[in-house]
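Residue 237 in this note's numbering sits at position 244 of the sequence shown, and the numbers go up by one each step. Where is the CB? At the ideal position from N, CA and C, for every residue including glycine. Quick notes on the structure that follows.
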Amino acid sequence: MLINSVRQNHVAHAQLFLGQEGSANLALALAYATYINCEDRQPDDSCGTCNSCVKMNKLVHPDFNFVMPVTSTKSITKDVLSQKFLTEWREFVLANPYQGLNEWMQHIGAENKQGNISKEESRQLVKLVSLKAFEGDYKIVLIWLPELMHHTAANALLKLLEEPPVKTLFLLVSQSAEKLLATITSRTQIVQVRAFTEEEVISYLQEKHGLDNTAAYQVAQLAEGSLNAATKLTSEVSSDYFTFFTDWMRNCYSYKFEKVVDASEEFQKLGRENQKNFLLYALNLFRKVMLYGVDESLIAYLPPNELDFVQKFSKLITENNADKLAQELNEAHYHIERNANPKMVFVDSSIQIAQYLRNAS
C-alpha cells in the first residue's frame, strides 16, 4: 500500500503509523521515508545505495527531521528541544528501532523524569516546515509518540495539518491514538501496524540474540508480539518453563504432593522475575489449552511437544473448571508480584489446581 502510494504519486501529506510498543511502526515509517526520497527506487524497496539512501540510513538526510519526547538532563538543562538530542536519537534508533519510551528516557539520562513534546517545540516545528527541501522531493517530519505532545504543540501541529506546506510530509508514529486530539487523527491517513507473530519473534530472537528453539519459543509466548519486550525478556527467561509446567500439572492431577513440595523449592530458586514470567507463560499455555478445547483451528502454531500436551490436557478442562483454573494462576501471579512467599504461593495454588482438575465434571 505504501509503495503504491509513491508509485501513483498519491502520498498523503499526513500519515499515522499506529502500532503497539515493540511493533514495526517506527521501522516501517523510516523505511517509507527512505523509499520516498530514494533516487533509484526498486520494485519493492529503496535501492539502499544512492546518495539519499545512504544519508537516510544514517538518519542524517537534511530533508528528514525528527520530533520526539525529551526532557532536561544533566547535559541539557535549558531550551530542551528535539534538535539537541539528535545524536542520541540516531544512536538509539540505529541500535534498535523497536524500543519504547522508557528505553529512550534511559538512553538520554533522564533518570525518573517524564518526557514530552513541549510547547516550545511547536515554534521549532513551524521553522522546520517553512524551509524548502534541500535535496529530496519532500521535506519529511517524523514525530515519534505524538500522543505525548503538550496541547500547545498539538494545536500547532493541527494547524500545519490543516494548511500543509508544499511538498512537506508528516509521519506520526504512535502507540496510543486514543490519546491524540481527534482533530489530528481525522486529518491523517492511518496505517495500522500489526504486532509481530510468534514465528517472527522466534526468528528475530534466534538471529539477533542467538537463542535456541526452546528459549526463543518461551520468550515469544511472553512477548505478545513485541520485539522490545522480547529483547528485555531474553535476559530474564532462564528455565524450561514447558517441562516445569507439564510436570506441575501432572503432579497436581495425580495428587503427588510430595513432588509438588519439591517443585516449590525449584520455583523459589527461579527468582522473582522468572517466577512471574513462568506464571505468565502458564497462563498463556492454559489459554491455548482452552482454545484448543473449543476449536483446534484457533491455535495457529504449537511445537510438537506442546501440541501433544495441549491435546491431552484439554480433555481435563471443562466449562466447570476453566475459569477457576485461570483465576488461580492469575492470583498466584498477583501474590508473587506483591512479594508473597513463593513456596507458599506455589503449594497453595497446587492444592487448588489439583481439586479443580479432579472436579472437571
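In this structure, the beta-carbon distance from Arg116 to Glu155 does not fall below 8 Å. Straight through space, the alpha carbons of Phe302 and Met337 are spaced by roughly 27 Å. When secondary structure is reduced to three states using DSSP, Phe189 falls in the coil class, being assigned neither helix nor strand. Taking the Cα positions, Asn(-3) is about 21 Å away from Thr42.
As a beta-bridge residue in DSSP terms, Ala7 pairs with Phe163. When only Cα atoms are considered, Cys31 and Val60 end up about 22 Å apart.
Of the other Cβ atoms in all chains shown, fewer than 16 fall within 10 Å of the Cβ of Leu124; this residue is therefore exposed. In this structure the region 309 to 324 lies against the region 275 to 295, because at least three pairs of beta carbons, one per stretch, are closer than 8 Å. Asn148 sits away from Gln214, with the two beta carbons spaced by 8 Å or more. Straight through space, the alpha carbons of Phe163 and Leu350 are spaced by roughly 55 Å. Between Gln8 and Gln182, the C-beta spacing is below 8 Å. The continuous beta strand (DSSP E) containing Asn58 extends over residues Phe57 to Val60. In the structure shown, the three-state DSSP call for Lys152 is helix. If the five residues before and after Met142 are omitted, its C-beta is found closer than 6 Å to the C-beta atoms of Ile110, all from its own chain and listed in chain order. Taking 8 Å as the cut-off, the Cβ atoms of Ser75 and Glu14 do not count as close. Between Leu11 and Tyr91, the C-beta spacing is not below 8 Å. Between Gln268 and Ile177, the C-beta gap is not smaller than 8 Å, which leaves the two residues out of contact. Residue pairing by DSSP puts Met142 in a beta bridge opposite Ile110. In this structure, Pro139 and Leu118 do not form a Cβ contact; the two beta carbons are roughly 11 Å apart against a cut-off of 8 Å.
When DSSP states are grouped into helix, strand and coil, Gln168 belongs to the coil group.
Between the beta-carbon of Val212 and that of Leu204 there is about 7 Å, and that keeps the pair under the 8 Å contact cut. For a cut-off of 8 Å, the C-beta gap from His54 to Ser65 is around 28 Å, too long to register as a contact. Between Trp97 and Asn352, the alpha-carbon positions lie close to 50 Å from each other. In this structure, the straight-line span from the alpha carbon of Glu259 to that of Asp341 is close to 15 Å.
For Lys132, the enclosing beta strand (DSSP E) covers residues Lys132 to Trp137. Between the alpha carbons of Glu299 and Thr224 lies a distance of about 23 Å. The beta carbons of Tyr234 and Tyr197 sit about 19 Å from each other, so the pair does not count as a contact at 8 Å. For Ser342, the enclosing alpha helix (DSSP H) has its first and last residue at Pro335 to Arg351. The shortest CA-to-CA distance from Leu272 to any of Trp241, Asn206, Thr161 and Gly129 is the one to Trp241. Your pair Cys245 and Ile136 does not check out as a contact, with CB atoms roughly 51 Å apart and the cut at 8 Å.
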